[in-house]
Amino acid sequence: MEIGLLVGIPLLTFLILSTLDKKHTRMAGSMACLSTLVGLVISIGLWNQNLSLALPWIELGSFQLPINLQSDPLNAFMLPMVHGIALLVQIYSTQYMKGDPNYTGYFAYIQLFIFSMVGIVLGGNLLVIYIFWELVGLSSYLLIGFWHTKPRPVWAAQKAFILNRIGDAAFLSGILLLIYYTGTVELSELKMSIATIEPSMLTVIGLLLFGGCVGKSAQFPLSAWLPDAMEGPTPVSALIHAATMVAAGIFLMARIAFLLTPTAEIAIAVVGLITMVDGALRACLAWDIKKVLAYSTQSQLGLMVVAIGLGAWPLALFHLFTHAFFKAGLFLSAGSVIHAMSPKSSIGFDPQDMRNMGGLKTYMPITFLSYLLCAAALIGLPLTTGFLSKDAIFLAILTKTEAWGSGAYLLLMLSIASAALTAYYMTRQVVLVFWGKARYDQNLISPHESGIRMTLPMSILSVGSLFFVFSLHPWDATSGWLVKHLNFPALPHVTLVPLITLLLSGVGILWAAKKIRIIDNGFKTNTRLRLNLSLLRDYQENQRYTHFFVKPFQWVANGIKNIEIYLIDGLVYFFGLLLIKLSELSDWSDRKIVDGTVRNIAALTRQGGYWMKSLQNGKIQSYYTMTFISLILLIIWLIAGYI
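The opening position of the sequence shown corresponds to residue 282 in my numbering, with each subsequent residue numbered one higher.
Shown next, in the form of structure tokens:
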């Protein structure tokens, strides 16, 4: 009953909101918040219950596939998180989206998203999860492109939709291979059925299923959609692209962790490492307040995937949970800043460019404090949840040193370096936005604190970024309630790791403070980071198809051309030249050796015949001469025999 309500309530609310006319627009936000609140209460009530709901669906001979939904310890904390974050975001949105022409449609799309996300969390078999997985993709497409009258959000929605479909194709391929080899996709049955699959094929299946995570959780090489997805409303960024949708891939990998072979885990850890470092570097160069947070999300998701590769999926879920709080808080706080920086008239001013801000802590103290707490958690400073979850993953890397050798140490160093970069770009952002002098025309822009419906969710999320929410021990994550709930064993205490992390984070903070200078006559920044960011070039309507659709196919076509020229044609030319040389050698040997031998034998025979012929010339003198010479030779032979 409870499981049916969890998926039924948001679906029903979506259908109702989709049919409301403009006369009832005001009640849309309240109805959506009430629906999500009921779902939150039900999900909390399922905390210690193992329930299931199975509805018959497909029967093909002996193969049966029900619509199987279940609650268990793994999704017990995910359900409250999804509903809790969604509730705060919707409360925030009732003020942020006030006056939007499609106000009702906005909340309808969010309810569709909640329905889809809850379906993923409750899914008891991979095919049911895949169906809701695609519905989440549809929801994100609608929400990213919510302002469909503007070309850029539409382009960003298309980009996200297409790149996610690439990962989803791999996900579906893995599901079909499991059906072929085991005859089931039920999670409860797969744990025993995979024993019949060869390790190499199981590795392939695991990596194909990981392809779904690569798309949904913005991993390399399908991470390019996440920064552009910031074109949707800021609350959408907080809900979908920081807290829940991108976390679906991490949750999926935790669900199928038993399928992953050691080889697959190494490959997953490498992908996560590349994603983490790439996101951190790109965040250091972005000026858009939301894109900095988007690249930060990419980097943090990479760290979660690294934890999956370590086999420490409970720690990945722990960081997922803590990240949901402080990153959603950062996005909502960023939305408050953007709301305050919006100009009174259209003057070509970008309210999201951090170079146009400065000194906002005086006007927005609640937003500033919320931003500061959430940023501290993202950096991983002590007494925050980010410190607990990051430090736990770093310690888990150390446990792999015996199995992975120097590779584990390299992974640890790069992970800590990414944490230092996080400290750099978040300090840079806080300073640019809240400190210094105003770098905007105060006659046209009047920054002010947001209303209670926006500041309350921000404040709640910032408090959720403090350590005591998850563990009463400020230094030990494994003693907290969530890690214990997931039955993860205690990690060895290595004081040196958090000390090095804090030291490098401090260096990153000081580096940012030194490199950024705010002066009266403008803005200047000095940084040595210089990267080729052709994939991040500014959006232009007349170039969107060229940069996103045409260019990738051109790269593929050029790659295929080079393969044809240098590999295929090169091999053909090499073997052709080799055959020509072999033919020339065969021709020479035929002429000089075979034919030459025949000609020499014939010439020798001819000369012998001529010599014998000269002896038979009919002259008696010649015969006497030959007889005399023969007699002399015979006498010599006889004398030599006696001697």
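Glycine included, C-beta positions come from ideal geometry on N, C-alpha and C.
DSSP-derived helix/strand/coil call for residue i
i	result
SER760	coil
ALA335	strand
LEU691	helix
GLU479	coil
GLY851	helix
ASN329	coil
ASP634	strand
LEU341	strand
GLY583	helix
ASP302	coil
THR525	coil
THR680	coil
THR294	helix
ASP381	coil
GLY426	coil
LEU287	helix
ASP722	coil
LEU591	coil
LEU747	strand
MET282	coil
GLY404	strand
THR665	strand
Residue i versus residue j: straight-line alpha-carbon distance, rounded
i	j	result
TYR377	ILE733	11 angstroms
TYR690	SER670	19 angstroms
VAL714	SER474	55 angstroms
SER943	GLN371	Given that the chain is displayed from residue 282 to residue 924, the structure contains no residue 943 and the question cannot be resolved.
GLU845	GLY661	50 angstroms
TYR373	ALA771	38 angstroms
MET467	HIS774	For the sequence presented, residue 467 should be read as Glu rather than Met. Cα to Cα, the separation comes out at about 38 angstroms.
CYS655	SER299	35 angstroms
LEU457	ALA451	10 angstroms
ASP871	THR878	10 angstroms
HIS600	THR542	23 angstroms
GLY889	ALA883	10 angstroms
ARG307	PHE630	31 angstroms
ALA313	SER333	26 angstroms
GLY583	LEU859	50 angstroms
LEU725	TRP568	21 angstroms
THR759	ASN383	45 angstroms
ASP876	LEU863	18 angstroms
ILE619	ILE297	31 angstroms
GLU512	LEU286	33 angstroms
ARG818	TRP594	Here ARG818 scores only 39 on pLDDT, less than 50, and its place in the model is too uncertain to base an answer on.
ALA719	ASP509	27 angstroms
THR680	VAL551	17 angstroms
VAL435	SER518	15 angstroms
Buried versus exposed, by CB contacts within 10 Å (16 or more), residue i
i	result
PHE748	buried
LYS440	buried
ARG563	buried
LEU914	exposed
GLY448	buried
PHE539	exposed
ALA700	buried
ASP559	buried
GLN902	exposed
THR908	exposed
THR736	buried
GLY430	Gly is not the amino acid found at residue 430; the sequence shown has Thr there. Exposed is the call here.
LEU763	buried
LYS795	exposed
Span of the beta strand (DSSP E), counted from its first residue to its last, around residue i
i	result
LEU471	LEU471 -> not in any beta strand (DSSP E); alpha helix (DSSP H) instead, spanning 468-474.
ILE348	344-351
Where the alpha helix (DSSP H) through residue i begins and ends
i	result
TYR923	901-923
LEU598	594-622
ASN445	432-463
ARG563	543-564
ALA793	777-796
VAL875	Here VAL875 belongs to no alpha helix (DSSP H), and DSSP marks it neither H nor E.
SER651	646-660
SER518	515-519
Subject >> Three or more C-beta pairs below 8 angstroms linking the stretch 334-352 and the stretch 472-490 >> reply: no
Subject >> Contact the stretch 590-610 vs the stretch 359-368: 3+ CB pairs below 8 angstroms >> reply: A contact between stretches requires three or more CB pairs, one per stretch, nearer than 8 angstroms, and the stretch 590-610 meets this requirement with the stretch 359-368.
Original post:
For the stretch 581-593 against the stretch 543-561, are there 3 or more C-beta pairs whose distance is under 8 angstroms?
Top reply: yes
Subject >> Contact between the stretch 412-425 and the stretch 376-395 (3+ Cβ pairs under 8 angstroms) >> reply: Yes: at least three Cβ pairs fall under 8 angstroms.
**OP:** Examine the Cβ distances between the stretch 516-534 and the stretch 399-413 and report whether three or more of them are shorter than 8 angstroms.
**Re:** yes
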